Ligand SMILES: [Fe+2]
Ligand SMILES: [Fe+2]
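In structure tokens form, the structure reads like this:
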């Protein structure tokens, strides 16, 4: 990766264009406000703490899906290694904190993730709930990927830019995996219809949240 720090999309129309196409590729409807990177940069300990717990939650979401749907062999086989990977991410974040003599703070309430999971309609069949859970998990991966991309491009510290680049690549893979699993167990049209609904709702959630640099979402 080039060590020169590119200009922030807020200032640079080419960067803004690249940002728009990255967001489009992930399907997200609302790009993150580029000022978020500058805010995050000023609160590294908090953002790393928040990130560490996001990785834990990602691991535990995969564990829960395996516990709830053991009859879906492909799901079990494909999510089992992701648990290990997400836990590895948690350890990587811990290492980054330790190396900088920063401390893992306390876990905060994750309004973004809670709002998404709370929006899964009640009274659905077990299988319908699975579809929504896979899509919500994919959505969280997509948004995390979008934010890691911003950090990997616009942080001042080249070591941290490289650090976040690795996360961006990995979470992009998880995003695809969750959508592939959804298409394995459900008709493609149904997956698309629900996915579109989730994308619209996610944009509403993002728009409703205050822009805070010490949080991943
Ligand atoms: Fe991760
Ligand atoms: Fe992930």
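In our numbering, the protein residues as written are 254 to 470.
Don't be surprised by glycine CBs; every beta carbon is placed ideally from N, CA and C.
As the structure is a prediction and not an experimental result, all values here were calculated from the model.
Residue i beta carbon near ligand 1 (any heavy atom closer than 6 Å)
{"i": "residue 311", "result": "yes"}
{"i": "residue 308", "result": "yes"}
{"i": "residue 470", "result": "no"}
Integer Cβ distance of residue i from residue j, believed to fall under 8 Å
{"i": "residue 465", "j": "residue 281", "result": "Actually they are not in contact, since the Cβ atoms of residue 465 and residue 281 sit about 18 Å apart, beyond 8 Å."}
{"i": "residue 409", "j": "residue 294", "result": "6 Å"}
{"i": "residue 285", "j": "residue 399", "result": "6 Å"}
{"i": "residue 451", "j": "residue 389", "result": "7 Å"}
{"i": "residue 423", "j": "residue 414", "result": "In fact, because the Cβ distance is near 15 Å, the residues do not count as touching under 8 Å."}
{"i": "residue 342", "j": "residue 420", "result": "7 Å"}
Sub-7 Å separation of residue i and residue j beta-carbons
{"i": "residue 372", "j": "residue 439", "result": "no"}
{"i": "residue 336", "j": "residue 304", "result": "no"}
{"i": "residue 394", "j": "residue 365", "result": "no"}
{"i": "residue 435", "j": "residue 387", "result": "yes"}
{"i": "residue 417", "j": "residue 290", "result": "no"}
{"i": "residue 456", "j": "residue 283", "result": "yes"}
{"i": "residue 329", "j": "residue 467", "result": "no"}
{"i": "residue 331", "j": "residue 312", "result": "no"}
{"i": "residue 322", "j": "residue 360", "result": "no"}
{"i": "residue 368", "j": "residue 276", "result": "no"}
{"i": "residue 437", "j": "residue 362", "result": "no"}
Classification of residue i by the beta-carbon crowding that lies within 10 angstroms, buried from 16 upward
{"i": "residue 441", "result": "exposed"}
{"i": "residue 308", "result": "buried"}
{"i": "residue 402", "result": "buried"}
{"i": "residue 267", "result": "exposed"}
{"i": "residue 384", "result": "buried"}
{"i": "residue 462", "result": "exposed"}
Any non-hydrogen atom of ligand 2 closer than 6 Å to residue i Cβ
{"i": "residue 325", "result": "no"}
{"i": "residue 427", "result": "yes"}
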